[in-house]
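What follows is one structure encoded as structure tokens, with my remarks underneath.
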Amino acid sequence: MKALHLPLLTACLALSPLRAQTPPEDLAKRVDALSRELERVKGELEARPASGTVLGGYGEIQFSHFTKDGAKDTADLRRFVLALTHRFDDRTELVTELEVEHAVSSSDDKGEVEIEQAYIQHRLSPTWSLRGGLFLVPAGLLNEHHEPTAYYGVERNAVETAIIPSTWREGGLQVVGAFDNGILLQAGVSTGFDFSKWDAASTEGAESPLGAVHQELSGAKSHDLAAFAALNWRGLPGLLLGGSWFHAKGAQGQPAMPPMAATLWDVHARWTPGPFDLSALYARGTVADTAAFNQTRVGSPTLVPSRFEGWYGQAAWHLWSSGSYALAPFVRYESVNTAAAFEPLAPASLTPEAAPAERIWTAGLTFNLNPHVVLKADLRRFRNDTAQNRVNLGLGWAF
Amino acid sequence: MSARIRNVRLLAGAGLALGLACGSAGSPGPGGGLSPAASLGEQIFKDTSLSASGLQSCATCHVAEAGHGSDNDLPAQLGGAALNLQGTRQSPTIRYLATNTGFHYDAEGTPTGGFFWDGRAETLADQAAGPFLNPLEMAMPSKAAVVAKLAAAPYAAAFRAAFGDAIFTDVEQAYRCMTLALQHYQREDRDFQPFSSKFDAFLRGGVRLTDAEARGMALFNDPQKGNCASCHPSSGPRPLFTDFTYDALGVPRNPALSANADPAYFDLGLGARPEIARPDLYGAFKVPTLRNVALRKALFHNGRFTSLTDAVTFYVQRDTHPEKWYPTAPDGTVMKFDDLPAKYHGNVNVKEVPYNRLPGQAPALTDAEVDDVVAFLKTLTDGYTR
Numbered sequence: 000m001k002a003l004h005l006p007l008l009t010a011c012l013a014l015s016p017l018r019a020q021t022p023p024e025d026l027a028k029r030v031d032a033l034s035r036e037l038e039r040v041k042g043e044l045e046a047r048p049a050s051g052t053v054l055g056g057y058g059e060i061q062f063s064h065f066t067k068d069g070a071k072d073t074a075d076l077r078r079f080v081l082a083l084t085h086r087f088d089d090r091t092e093l094v095t096e097l098e099v100e101h102a103v104s105s106s107d108d109k110g111e112v113e114i115e116q117a118y119i120q121h122r123l124s125p126t127w128s129l130r131g132g133l134f135l136v137p138a139g140l141l142n143e144h145h146e147p148t149a150y151y152g153v154e155r156n157a158v159e160t161a162i163i164p165s166t167w168r169e170g171g172l173q174v175v176g177a178f179d180n181g182i183l184l185q186a187g188v189s190t191g192f193d194f195s196k197w198d199a200a201s202t203e204g205a206e207s208p209l210g211a212v213h214q215e216l217s218g219a220k221s222h223d224l225a226a227f228a229a230l231n232w233r234g235l236p237g238l239l240l241g242g243s244w245f246h247a248k249g250a251q252g253q254p255a256m257p258p259m260a261a262t263l264w265d266v267h268a269r270w271t272p273g274p275f276d277l278s279a280l281y282a283r284g285t286v287a288d289t290a291a292f293n294q295t296r297v298g299s300p301t302l303v304p305s306r307f308e309g310w311y312g313q314a315a316w317h318l319w320s321s322g323s324y325a326l327a328p329f330v331r332y333e334s335v336n337t338a339a340a341f342e343p344l345a346p347a348s349l350t351p352e353a354a355p356a357e358r359i360w361t362a363g364l365t366f367n368l369n370p371h372v373v374l375k376a377d378l379r380r381f382r383n384d385t386a387q388n389r390v391n392l393g394l395g396w397a398f
Numbered sequence: 000m001s002a003r004i005r006n007v008r009l010l011a012g013a014g015l016a017l018g019l020a021c022g023s024a025g026s027p028g029p030g031g032g033l034s035p036a037a038s039l040g041e042q043i044f045k046d047t048s049l050s051a052s053g054l055q056s057c058a059t060c061h062v063a064e065a066g067h068g069s070d071n072d073l074p075a076q077l078g079g080a081a082l083n084l085q086g087t088r089q090s091p092t093i094r095y096l097a098t099n100t101g102f103h104y105d106a107e108g109t110p111t112g113g114f115f116w117d118g119r120a121e122t123l124a125d126q127a128a129g130p131f132l133n134p135l136e137m138a139m140p141s142k143a144a145v146v147a148k149l150a151a152a153p154y155a156a157a158f159r160a161a162f163g164d165a166i167f168t169d170v171e172q173a174y175r176c177m178t179l180a181l182q183h184y185q186r187e188d189r190d191f192q193p194f195s196s197k198f199d200a201f202l203r204g205g206v207r208l209t210d211a212e213a214r215g216m217a218l219f220n221d222p223q224k225g226n227c228a229s230c231h232p233s234s235g236p237r238p239l240f241t242d243f244t245y246d247a248l249g250v251p252r253n254p255a256l257s258a259n260a261d262p263a264y265f266d267l268g269l270g271a272r273p274e275i276a277r278p279d280l281y282g283a284f285k286v287p288t289l290r291n292v293a294l295r296k297a298l299f300h301n302g303r304f305t306s307l308t309d310a311v312t313f314y315v316q317r318d319t320h321p322e323k324w325y326p327t328a329p330d331g332t333v334m335k336f337d338d339l340p341a342k343y344h345g346n347v348n349v350k351e352v353p354y355n356r357l358p359g360q361a362p363a364l365t366d367a368e369v370d371d372v373v374a375f376l377k378t379l380t381d382g383y384t385r
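If you're matching them up, the sequences are chains A and B in order. The first sequence: position 115 = 114 (numbering that gives the first Met the number 0), numbered continuously. The second sequence: position 370 = 369 (numbering that gives the first Met the number 0), numbered continuously.
Right, here's the structure in full:
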């Protein structure tokens with residue numbers, strides 16, 4: 000169990016934005032502090048009973064003031080998630096998350112009730128585990144670690160919302176290899192995309208191309224499965240380097256549908272030297288055979304792009320802490336383009352023009368009441384769609 | 000209970016009642032061919048003896064070669080015992096209606112579904128029941144008279160075999176079974192939903208559209224240009240080019256329609272149905288499928304246009320050049336929407352593209368673009384062969 004959880008624990012510590020609540024003066028002190036914390040958590044883990052049920056959860060409430068149009072201001076309980084984990088024995092556990100979005104879910108409201116995760120994980124050896132069921136796709140920095148206490152800003156970043164459609168889950172089988180050298184390898188097969196869901200008359204596909212066609216194991220068409228892999232390395236304290244790849248055809252055996260093979264990959268890095276927390280990510284998606292599909296929908300507002308991509312760089316500074324309180328300002332710059340290229344159509348005049356990349360500055364503050372409860376405030380400025388400029392206030396929790 | 004659910008339950012109940020009354024004659028025939036009821040429906044559909052004139056059948060006004068619509072440019076077809084009385088509306092195509100629903104208001108209050116131009120029939124069978132007794136159409140004096148003709152038809156024995164030896168002794172039952180047979184025919188015979196146009200071949204990936212057709216499709220779909228797809232959806236593997244809703248277009252009055260000789264006569268569409276208590280819907284007619292529209296020789300509910308190019312041009316120039324489409328009063332003002340009483344002019348759609356324009360503004364489509372849209376619409380004609 001120690002060998003299995005050590006890299007995972009290191010990952011969790013590295014991903015916690017306010018991990019450095021007591022900024023060390025030098026690297027040695029910092030490593031000491033980390034080691035002590037690690038030993039404590041390891042001890043807790045080893046003390047866990049072989050079986051048992053653990054209730055967790057997270058949630059977030061947001062207020063947004065749109066600086067160009069106050070009529071768009073909203074206050075929303077964006078999500079409320081209950082997480083239930085049950086250990087059948089020391090090798091097998093069930094992991095689930097049940098989510099309610101927007102406080103009310105009914106036929107007359109926009110809310111949704113969703114199963115965000117529901118999988119069985121079984122440990123084959125100290126290094127290797129199998130995961131089967133509905134799980135989060137290992138992509139980017141945020142998709143698998145999406146609790147409001149795990150990221151800066153009231154809202155998740157645009158790249159990992161529009162390009163990587165977080166929170167993105169599929170049903171399938173996954174092998175997880177957690178090595179002592181800090182490498183975490185994940186790979187498997189899962190359900191993929193259904194491009195027949197693409198509604199060219201709506202803007203959904205322009206907001207998130209893959210978000211418009213992923214299936215989330217809700218009666219998912221499964222003629223064409225996906226293959227995926229992710230590799231993350233945390234071999235040095237405070238450093239994370241990784242990347243992911245996901246590939247699937249989207250025709251699902253439906254007549255008159257071209258194969259529509261979609262590929263998404265990303266590379267990402269996170270480095271936490273001293274009180275600083277620096278991260279960067281680049282994600283790129285491509286879809287093949289879009290011309291045959293788009294040709295039957297020419298003139299519609301949202302055709303399928305052949306390429307979409309985005310990147311961001313983010314810097315946070317753990318400025319102050321006292322007891323359980325901690326304050327960290329951050330700044331993030333993003334470039335995101337959900338329609339960076341289109342395959343040529345006939346006649347050529349019908350080929351849509353590529354969209355300009357949207358560039359977004361976000362600056363804000365994160366204030367922790369304790370490691371599990373966070374207050375956030377930020378300012379987001381959009382270079383193109385300035386109507387989206389807004390001030391956000393947020394309250395989040397995770398336990 | 001929502002109106003939608005209520006309607007579905009009513010329809011289910013009606014279907015069940017009909018099924019029980021008319022036996023299992025609707026089961027598919029041997030080899031997957033037409034069921035006995037559908038085969039009877041085909042014969043009934045083509046039987047001219049079931050009209051007062053003895054010269055008119057369902058197929059007279061719903062001609063298969065014309066997309067199961069009328070095959071001439073009359074504003075409405077002639078009927079009656081002497082075939083000298085004109086109806087008040089174009090014979091709508093009855094093709095591609097198998098997936099239509101009964102009339103209901105959707106969650107936003109939009110009237111949807113129903114059969115006929117005003118949606119007054121709940122099912123294909125209900126729709127089939129009407130023309131036999133309409134004095135301006137087949138003009139039979141009563142259901143009993145129709146059933147008597149059925150009993151004397153060459154297929155009477157097959158009718159008895161399908162629905163029971165005593166079927167002709169119960170007029171109501173026999174009449175219901177006749178309409179059910181017509182419904183079976185329209186649902187089962189592939190001629191009513193062949194999906195055999197060039198556009199279908201294009202969707203299947205076997206054919207390319209010409210540049211003009213492809214440009215026309217883009218204009219058809221473009222919400223800022225034709226915006227046709229907002230009511231005539233073109234997406235999906237087998238689009239029907241109608242959303243089965245209703246719209247008030249302000250189609251000009253057609254002086255060639257006999258009923259319009261009376262200046263006090265107005266066809267209010269949904270408003271012609273006494274039970275429709277929504278004056279804001281008066282003047283709205285059903286959005287027809289555009290499949291086979293190029294075969295139509297008279298278009299819109301009153302047959303006002305006899306050219307597809309004129310019909311498309313009307314859409315985009317109704318508001319920018321109203322003088323082209325409506326008469327001018329002695330004082331020089333253009334009498335827009337002259338086929339509706341003035342108090343309902345506010346019901347006419349003036350908000351959506353391409354109607355959202357004013358005199359002097361450029362139409363949403365140029366003449367060349369109208370030609371492209373027409374080229375595209377011609378790809379919707381069934382029976383395409385390379």
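Quick reminder that beta carbons are idealized off the backbone N, C-alpha and C, glycines included. Every value quoted in this text rests on a predicted model; they were computed, and no experiment measured them.
* **Coarse secondary structure for A/Arg168, derived from DSSP in three states** => strand
* **C-beta neighbour in chain B for A/Asp198, strict 9 Å** => yes
* Taking 9 Å as the CB-CB cut-off, is A/Thr295 touching chain B? -> yes
* Since B/Ser38 is in the alpha helix (DSSP H), which residue starts that stretch and which ends it? -> Pro35 to Phe44
* Best match in A/Pro254, A/Gly284, A/Val80 and A/Thr52 for proximity to A/Val335 [C-alpha to C-alpha] -> A/Gly284
* Asked: Mind pulling the chain A residues with CB within less than 9 Å of B/Leu357?
  -> Near B/Leu357 there are no residues of chain A at all, since even the closest Cβ is about 24 Å away, more than 9 Å.
* To do: Would you please verify whether the beta carbon of B/Phe194 is less than 9 Å from any beta carbon of chain A?
  => no
* To do: Could you give the DSSP three-state label for A/Val99: helix, strand or coil?
  => strand
* To do: Locate the alpha helix (DSSP H) running through B/Asn220, then write down its first and last residues.
  => Asp210 to Asn220
* Should the region 186–194 of chain A be called in touch with the region 202–220 of chain A, which here means at least 3 C-beta pairs below 8 Å? -> yes
* To do: Could you tell me the distance, in whole angstroms, from the CA atom of B/Ala81 to the CA atom of B/Ser141?
  => 17 Å
* Asked: Under 9 Å, do A/Gly170 and A/Phe134 count as touching if we go by C-beta distance?
  -> yes
* beta strand (DSSP E) containing A/Phe307: first to last residue? -> Arg306 to Trp316
* Asked: Using a Cβ cut-off of 7 Å, which residues of the region 370–382 of chain B contact any Cβ in chain A, in chain order?
  -> none
* Asked: Using a beta-carbon distance below 9 Å, is A/Gly298 in contact with chain D?
  -> Here the protein chains are A and B, and chain D is not one of them.
* I think A/Gln116 touches A/Thr95, with their Cβ atoms under 8 Å apart; what is that distance to the nearest whole Å? -> 6 Å
* **chain B contact residues for A/Ala255, given Cβ-Cβ distances below 8 Å** => Leu202, Arg203, Gly204 and Pro236
* A/Lys71: buried (16+ other C-beta within 10 angstroms of its C-beta) or exposed? -> exposed
* **Against chain B: residues of the region 346–363 of chain A by CB proximity under 8 Å** => Pro346, Ser348 and Leu349
* **Same chain only: Cβ atoms within 7 Å of A/Ala205, ignoring 5 sequence neighbours per side** => Thr301, Thr337 and Ala338
* For the putative contact between B/Lys323 and B/Trp116, defined by C-beta atoms under 8 Å, what is the C-beta separation to the nearest angstrom? -> That pair is no contact at about 25 Å.
* To do: Give the C-beta separation of B/Lys148 and B/Ser48 to the nearest angstrom, bearing in mind that I take them to be a contact with Cβ-Cβ under 8 Å.
  => 5 Å
* Out of B/Ser26, B/Asn346 and B/Tyr264, state which residue places its alpha-carbon closest to the alpha-carbon of B/Tyr184. => B/Ser26
* **For A/Leu239, three-class secondary structure by DSSP** => strand
* Quick one: Cα of A/Tyr281 to Cα of B/Asp370, how far? -> 46 Å
* Asked: Residues of chain B with a CB under 7 Å from the CB of A/Ala291: which are they?
  -> Gly204
* To do: Identify whether B/Tyr354 lies in helix, strand or coil by the three-state DSSP scheme.
  => coil
* From which residue to which residue does the alpha helix (DSSP H) around B/Glu368 run? -> Asp366 to Lys377
* Check whether A/Leu326 and A/Phe366 have beta carbons under 9 Å apart -> yes
* Asked: Going by alpha carbons, who is nearest to B/Asn220 out of A/Trp396, A/Ala261 and A/Ala200?
  -> A/Ala200
* Should A/Ser104 be flagged as near chain B, meaning a C-beta pair shorter than 9 Å? -> no
* Nearest-angstrom Cα separation, counted from A/Pro236 out to A/Phe398 -> 24 Å
* **Nonlocal neighbours in the same chain, by C-beta distance under 7 Å from B/Thr380, ignoring five residues either side** => Ser196, Asn291, Ala293 and Leu294
* Asked: Would you say A/Arg331 and A/His64 are within 9 Å of each other, going by their C-beta atoms?
  -> no
* **Min CB distance A/Leu392 to chain B below 9 Å** => no
* Asked: What first and last residue would you give for the beta strand (DSSP E) that runs through A/Thr365?
  -> Glu357 to Asn369
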